[in-house]
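Asks:
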Amino acid sequence: MSPETREIIVNGLWKQNPGIVQLLGLCPLLAISNNVVNALSLGLATTLVMAVASGSVAVVRDYIPQAARIPLFVLIIAALVTVVELLMHAYVLALYVVLGVFLPLITTNCIVLARVEAFASKRGTLHSVLDAVMMGLGLTLVLVVLGGLREVFGKGTLLSGLDLVFGPVAKDWVIQVVPDYQGLLLAILPPGAFIGLGLIIAARNWLEGMRARRARVDSPLGQTA
Amino acid sequence: MIEFRNRILVTASALLAFAMFGAALLSGTFQLTRPAIEQSERAAKMKLIAQVLPPDGFDNDLIRAARPLPADPLLGLRHPGEAYLAMRHGQPVAVVLEAAAPDGYSGEIRFLVGIRPDGTVAGVRVTSHHETPGLGDYIEIGKSPWVRVFDGKSLADPQPVNWKVRKDGGLFDYMAGATITPRALVKAVRRTLEYFQAHRNELLATTKEQP
Chain A
1 MSPETREIIV NGLWKQNPGI VQLLGLCPLL AISNNVVNAL SLGLATTLVM AVASGSVAVV
61 RDYIPQAARI PLFVLIIAAL VTVVELLMHA YVLALYVVLG VFLPLITTNC IVLARVEAFA
121 SKRGTLHSVL DAVMMGLGLT LVLVVLGGLR EVFGKGTLLS GLDLVFGPVA KDWVIQVVPD
181 YQGLLLAILP PGAFIGLGLI IAARNWLEGM RARRARVDSP LGQTA
Chain B
1 MIEFRNRILV TASALLAFAM FGAALLSGTF QLTRPAIEQS ERAAKMKLIA QVLPPDGFDN
61 DLIRAARPLP ADPLLGLRHP GEAYLAMRHG QPVAVVLEAA APDGYSGEIR FLVGIRPDGT
121 VAGVRVTSHH ETPGLGDYIE IGKSPWVRVF DGKSLADPQP VNWKVRKDGG LFDYMAGATI
181 TPRALVKAVR RTLEYFQAHR NELLATTKEQ P
């Protein structure tokens, strides 16, 4: 793996994670992360759109006039999102209904445009796709962790609503983490998303702080990242 | 000057080319997915309608037998809805009405009511609402069987004065923490039954009247 590839992967998943470091794309993060299945579905849909958008922009990047690049990027992203939306409407209707307005709103998710503008419009196609996928997965990861936290605290279950994706068979796959749980409404409502995200960011900062302290102890120069 | 004009031309033609390509992509996908979308929408609607119908079944095409419902205040509809007449061997077994409770805790609660020809409720299912998750959303069949309290009820049973939640002196149970939601729904179902009573003959007419 070339150092560049490695760096792209580490940036997307951790160092520049869109959900907890760049804090981009918070609208869906906060709205749809009330359970794991919703979070994962929107995360993967966003990742798919990002990969295709970054890939296609990287391919045509030499033909995009500088002055009109932002409208063109938005045009490309909007068209791709609509295609994904139509496909989901046709083949996973239940999920389409759950994700509702947040599906078309992927267009306005700044992380998609940010990666296209900052990365795909300047770099090779393969690296652009990799960057988009890693950034998307980084966002998905945060969404799923947040969705899991909110679902466990809010309803005491995990993976409820999986039948929306896989059909009625999946009704039995729901994991009842806490039996006879009364539910904590706060976790399900929007404030729960803010509090949960805050805690996740705090946890990441704490981890990074630990690492930095350890690095300082190890190196006599006191050099930190 | 000429260079400036050229740049504008290049920019404009790039925009045009991308817009045309985008439009072509969208219309292609739309054409490809349209049959699947129509089919899954139809299947989802059918599934919901079938839940509010008596279990003994029907043998007609409900979607094709749909007829317009006016935005009558008794139904609570803001826009004209639809009624579906279920028939077996040419006899009406139930009619499904779209209706809404405008006074839910946070906005409108839309639902379907299946009514047998004798005026008893075959089933009620909420199709869309904005009630508080975890509190008022037990009106959804996926969350709680509560909505089955309407099964078998009619305007004669319980008496109209008892068509209320218990807290208001009626006969309908509710769950602690959310009274406004079931209160709105009980009232709306009663009104829908009143609408049925007033329009029974047209709703159960086996032949569609020509407009």
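Protein chains in written order, with the working numbering: chain A, 1 to 225; chain B, 1 to 211. Backbone N, C-alpha and C fix where the C-beta goes; we use that ideal spot for every residue, glycine too.
Mind pulling the alpha helix (DSSP H) runs of 4 or more residues that sit fully within the region 172 to 224 of chain A?
Replies: Within the region 172 to 224 of chain A, the complete alpha helix (DSSP H) runs of at least 4 residues are 185 to 188 and 190 to 218.
Asks: Rounded to whole angstroms, what's the CA-CA distance from V83 (chain A) to A39 (chain A)? Just pull it up for me.
Replies: Stepping through the first sequence from its first residue, residue 83 (chain A) is reached at position 83. Stepping through the first sequence from its first residue, residue 39 (chain A) is reached at position 39. Going by the C-alpha atoms only, they are around 20 Å apart.
Asks: Go to I77 (chain A), then tell me how far its alpha helix (DSSP H) extends in each direction, as first and last residue.
Replies: Taking the first residue of the first sequence as 1, we reach residue 77 (chain A) at position 77. Segment R69 to Y91, the alpha helix (DSSP H) holding I77 (chain A).
Asks: State yes or no: is the C-beta of A99 (chain B) within less than 8 Å of the C-beta of A44 (chain B)?
Replies: Residue numbering aside, residue 99 (chain B) sits at position 99 when the second sequence is read from its first letter. Residue numbering aside, residue 44 (chain B) sits at position 44 when the second sequence is read from its first letter. No; because the gap between Cβ atoms is not below 8 Å, this pair is not in contact.
Asks: Let me check understanding here. Comparing Cα to Cα, which of A:D62, A:N109, A:L141 and A:L149 lies closest to R123 (chain A)?
Replies: Your numbering for residue 123 (chain A) matches position 123 in the first sequence. When only C-alpha atoms are compared, the closest one is A:D62.
Asks: Quick one: which chain A residues come within Cβ less than 8 Å of P133 (chain B)?
Replies: Reading the second sequence from its first residue, position 133 is the one you call residue 133 (chain B). Ordered by position in chain A, the residues that pass the 8 Å Cβ test against P133 (chain B) are N34, L185, I188 and L189.
Asks: My understanding is that G43 (chain A) touches V129 (chain A), with C-beta atoms under 8 Å, so please give their C-beta distance in whole angstroms.
Replies: Counting from one through the first sequence, the residue named residue 43 (chain A) turns up at place 43. Counting from one through the first sequence, the residue named residue 129 (chain A) turns up at place 129. So it is not a contact: roughly 17 Å between Cβ atoms.
Asks: Consider the Cβ of Q210 (chain B): report whether some Cβ of chain A lies at a distance smaller than 8 Å.
Replies: Here residue 210 (chain B) refers to the residue found at position 210 of the second sequence. Note that Q210 (chain B) scores a pLDDT of 42, beneath 50, so its modelled location is shaky; the value from the coordinates is reported in the next line. By this cut-off, Q210 (chain B) is not an interface position.
Asks: So which of B:G114, B:P80, B:G22 and B:D157 has the shortest CA-CA distance to G57 (chain B)?
Replies: For the purposes of this step, residue 57 (chain B) is taken as residue 57 along the second sequence, with counting starting at 1. With distances taken between Cα atoms, G57 (chain B) lies closest to B:G114.
Asks: Measure from the C-beta of G22 (chain B) to each C-beta in chain A and report whether the shortest distance is under 8 Å.
Replies: Translated into the one-based positions of the second sequence, residue 22 (chain B) becomes position 22. Cβ-Cβ to chain A under 8 Å: yes for G22 (chain B).
Asks: Run through DSSP, which three-state label would L29 (chain A) get?
Replies: Taking the first sequence and counting its residues from 1, one reaches residue 29 (chain A) at position 29. Helix at L29 (chain A).
Asks: Quick one: does P71 (chain A) have its CB under 8 Å from some CB of chain B?
Replies: One-based indexing of the first sequence puts residue 71 (chain A) at position 71. Yes, its Cβ sits closer than 8 Å to a Cβ of chain B.
Asks: Would V217 (chain A) be called buried (16 or more neighbouring beta carbons within 10 Å of its own) or exposed?
Replies: Locating residue 217 (chain A) in the first sequence gives position 217, counting from the first residue. Exposed, because fewer than 16 other Cβ atoms sit within 10 Å of the Cβ of V217 (chain A).
Asks: Which residues in chain B sit within 7 Å of Y91 (chain A), going by Cβ to Cβ distance?
Replies: Your numbering for residue 91 (chain A) matches position 91 in the first sequence. Within chain B, the residues near Y91 (chain A) are A36.
Asks: With 8 Å set as the bound, which would you pick, yes or no: does the beta-carbon of V10 (chain B) sit closer than that to a beta-carbon of chain D?
Replies: Chain labels in this structure do not include chain D; the protein chains are A and B.
Asks: Go ahead and pull the three-state DSSP assignment for E209 (chain B).
Replies: Position 209 of the second sequence, counting from 1, holds the residue named residue 209 (chain B). Caution is warranted here: a pLDDT of 48 is assigned to E209 (chain B), below 50, making its placement in the model unreliable, and the coordinate value is therefore given only provisionally. Note: E209 (chain B) maps to coil in three-state DSSP.
Asks: Check whether the region 143 to 151 of chain A touches the region 58 to 75 of chain A, taking contact to mean three or more Cβ pairs, one atom from each stretch, closer than 8 Å.
Replies: Result no; under three Cβ-Cβ pairs closer than 8 Å.
Asks: Along the region 105 to 125 of chain A, where does the CB come closer than 8 Å to a CB of chain B? Name the residues.
Replies: From the region 105 to 125 of chain A, no residue has a Cβ closer than 8 Å to chain B.
Asks: Would L9 (chain B) be called buried (16 or more neighbouring beta carbons within 10 Å of its own) or exposed?
Replies: For the purposes of this step, residue 9 (chain B) is identified with residue 9 of the second sequence, where counting begins at 1. It is exposed - the Cβ of L9 (chain B) has fewer than 16 other Cβ atoms within 10 Å.
Asks: If you measure from the beta carbon of Y63 (chain A) to each beta carbon in chain B, is any gap under 8 Å?
Replies: Here residue 63 (chain A) refers to the residue found at position 63 when the first sequence is read from its first residue. Yes, Y63 (chain A) lies at the interface with chain B (some Cβ there is under 8 Å from its Cβ).
Asks: Could you check what DSSP says for V121 (chain B) in three-state terms: helix, strand or coil?
Replies: On the second sequence, position 121 is the one that residue 121 (chain B) refers to. In this structure, V121 (chain B) counts as strand in the three-state DSSP scheme.
Asks: Between the region 43 to 54 of chain B and chain A, which residues of the former have CB atoms less than 7 Å from a CB of the latter, in chain order?
Replies: Result list: A44.
Asks: Kindly indicate if chain A contains any beta-carbon less than 8 Å away from that of S106 (chain B).
Replies: As a working note, residue 106 (chain B) is residue 106 in the second sequence. No, S106 (chain B) lies away from the interface with chain A (no Cβ there is under 8 Å from its Cβ).
Asks: Counting only beta-carbon separations shorter than 8 Å, does A100 (chain B) have a partner in chain A?
Replies: Here residue 100 (chain B) refers to the residue found at position 100 when the second sequence is read from its first residue. By this cut-off, A100 (chain B) is not an interface position.
Asks: Determine the direct distance from the alpha carbon of R211 (chain A) to that of E117 (chain A), and round the result to whole angstroms.
Replies: Sequence index remark: in the first sequence, residue 117 (chain A) carries index 117 (1-based). Sequence index remark: in the first sequence, residue 211 (chain A) carries index 211 (1-based). Straight-line Cα distance between these residues: approximately 31 Å.
Asks: Please decide whether E41 (chain B) counts as near chain A, where near means a Cβ-Cβ distance under 8 Å.
Replies: If you number the second sequence from 1, residue 41 (chain B) lands on position 41. It does; some Cβ of chain A falls within 8 Å.
Asks: By Cβ distance, which residues of its chain are closer than 8 Å to L204 (chain B), with the 5 residues on each side in sequence left out?
Replies: As a position in the second sequence, residue 204 (chain B) is number 204, starting the count at 1. Excluding positions up to five away in sequence, the list reads L85, P92, V95 and P117.
Asks: Can you tell me which of the three DSSP states A178 (chain B) falls into?
Replies: Numbered from 1 along the second sequence, position 178 holds the residue referred to as residue 178 (chain B). If DSSP states are grouped into helix, strand and coil, A178 (chain B) belongs with the strands.
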